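Taking it in order: structure first as structure tokens, then the write-up.
Residue numbers (the UniProt record's numbering): 1 to 363.
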């Protein structure tokens, strides 16, 4: 069976996030030191392109603009940085974009990004008009862990360490559409599934909480199939997803019916911080506490209709038994999740900040 690890990229420090370039064989990672490291990969090798200190505290989110010209990053130092993706040179910085450290960053359209902070605040930025165009404050009491966005519904979802998920219609710039009941566990990751009729949230206790879109108050199903926290989720198609867990395993999961289908690979016992799919869906990247990015050939999963899926340009197909039946499907249970980690600092209930000019301070 095709598949397996293509490249292992050694980083200088622990990464928090990674992202593929939309058109080139390039991947970028944000590190705990505030540094960003950018690499180009080919069929046989990886070479460093840029490495620069972007922030004074940990870089928790990175994303490329849709045209690939700009690399955006967000940090615990409360700032958002725009960098030229080709040269690695800083373009502009917005200091104090949030009142607390930024923990989540999401590109939701070619000119719009969303950011969430350690206190539960959420902002939506229009890069083209250079303004904060929406600000949701006071709806969460703990860090924003992840975002999901539906272009067809103009709907932004956020999950939080306070155990709740919120839904925002971006046409309303201050009030949320709905918020779930407290799930009594940190919610760490979120994806739409089933034609966006379902929402799957990964939790600290290893349970996948499943909501019906539009019914935000409580879950419609749950799947306790992971032994430890589900820190990151990536959708493959409407039926299946990749999950990254703090036990170091990358799994393939079926949603409704709920089954653990197999394992792509692992970072030994080091937690998986983030997964990302390449634009052609043939490569999966994983970043972990072992200070590496691993690139996996997943074309045999994402393009299984092809008889002999070719690896993406920039990667070689390596025969591997990695995708084996690793765990039997587990049926739902009412066991309480265990092993919750210490919460981040609680929310500062200050006044809502006025709109800011994005990138107003040119470097």
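Just so you know, even glycine gets a beta-carbon here, dropped at the ideal spot from N, CA and C. From a predicted model like this one, the values you see are computed outputs, not experimental measurements.
Asked	Found
On the three-state DSSP scale, how would you describe residue 300?	helix
Whose C-alpha, out of 34, 179, 95, 236, is nearest the C-alpha of residue 192?	236
Can you give me the Cβ contacts of residue 197 inside the same chain, cut-off strictly under 6 Å, excluding the 5 residues immediately before and after it?	213
Is the CB-CB distance between residue 228 and residue 206 below 8 Å?	yes
Would you kindly work out how many angstroms separate the C-alpha atoms of residue 336 and residue 66, rounded to a whole number?	Confidence is the limiting factor: at residue 336 the pLDDT is only 38, short of 50, which leaves the residue's position unreliable, though a coordinate-based value still follows. Spanning the two alpha carbons is a distance of roughly 41 Å.
Determine the burial state of residue 96: buried for a count of at least 16 other Cβ atoms within 10 Å of its Cβ, exposed for fewer.	exposed
State whether the stretch 237 to 246 contacts the stretch 214 to 224, with contact taken as three or more CB pairs (one from each stretch) at a distance under 8 Å.	no
Should residue 285 be labelled buried (16 or more other beta-carbon atoms within 10 Å of its own) or exposed?	buried
If we ignore side chains and look at the alpha-carbon of each, how far apart do residue 74 and residue 275 end up?	17 Å
Residue 29: buried (16+ other C-beta within 10 angstroms of its C-beta) or exposed?	buried
Do you know whose CA, among 253, 278, 106, lies nearest residue 150's CA?	106
Return the chain-ordered list of same chain residues with a C-beta closer than 8 Å to the C-beta of residue 13, the five sequence neighbours on each side being excluded.	31, 32, 33, 35, 291
Based on Cα-Cα distance, which residue from 294, 50, 69, 55 lies nearest to residue 21?	69
Short check: CB of residue 127 to CB of residue 134, under 8 Å?	no
Put residue 317 into one of helix, strand or coil per three-state DSSP.	Unreliable placement is indicated for residue 317, whose pLDDT of 30 sits below 50; the coordinate value is still reported in the next sentence. Correct three-state label for residue 317: coil.
Report the residue from 283, 304, 299 whose alpha carbon sits nearest the alpha carbon of residue 8.	283
Here's a check: name, in chain order, each residue in its chain whose Cβ is nearer than 7 Å to the Cβ of residue 169, leaving out the five neighbours to either side.	154, 155, 177
Run the CB neighbour count on residue 297, radius 10 Å, all protein chains shown included, and call it buried at 16 or more, exposed below.	buried
Following the continuous beta strand (DSSP E) through residue 364, name the residue where it begins and the one where it ends.	This structure cannot settle anything about residue 364, because the visible part of the chain is limited to 1 through 363.
Helix, strand or coil for residue 8, going by three-state DSSP, please let me know.	strand
Given a cut-off of 8 Å, decide if residue 278 and residue 233 are closer than it, judged by their beta-carbon atoms.	no
In angstroms with no decimal places, state the Cα-to-Cα distance between residue 145 and residue 122.	11 Å
With burial defined as no fewer than 16 other Cβ atoms inside 10 Å of the residue's Cβ, what is the status of residue 110: buried or exposed?	exposed
Measuring alpha carbon to alpha carbon, tell me which of 43, 48, 76 ends up nearest residue 59.	76
Which residues in the same chain as residue 295 place their Cβ atom closer than 6 Å to its Cβ, once the five residues preceding and following it in sequence are excluded?	6, 7, 283, 285
As a quick exercise: from 118, 203, 225, 257, pick the residue whose alpha carbon is nearest that of residue 231.	203
Could you compute how far the alpha carbon of residue 263 sits from the alpha carbon of residue 130?	43 Å
Report, in whole angstroms, the separation of the C-beta atoms of residue 142 and residue 116, which I expect to be a contact under 8 Å.	The pair is not a contact, with the Cβ atoms about 11 Å apart (cut-off 8 Å).
Please report the residue range of the beta strand (DSSP E) in which residue 62 lies.	59 to 64
What is the C-beta distance between residue 26 and residue 49, in whole angstroms, given that I count them as a contact (C-beta under 8 Å)?	7 Å
If you count every other CB in all the chains shown that lies within 10 Å of the CB of residue 304, and 16 or more means buried, which is it?	exposed
Can you tell me where the beta strand (DSSP E) with residue 83 in it begins and where it stops?	80 to 84
Can you have a look at residue 17 and say buried or exposed, based on whether 16 or more other CB atoms are within 10 angstroms of its CB?	buried
In the DSSP assignment, find the unbroken beta strand (DSSP E) run with residue 281 in it and report its ends.	No beta strand (DSSP E) contains residue 281, which DSSP labels as neither H nor E.
Please confirm if residue 245 has its CB atom under 8 Å from at least one CB of chain C.	Structure shown: chain C not included; a single protein chain is present.
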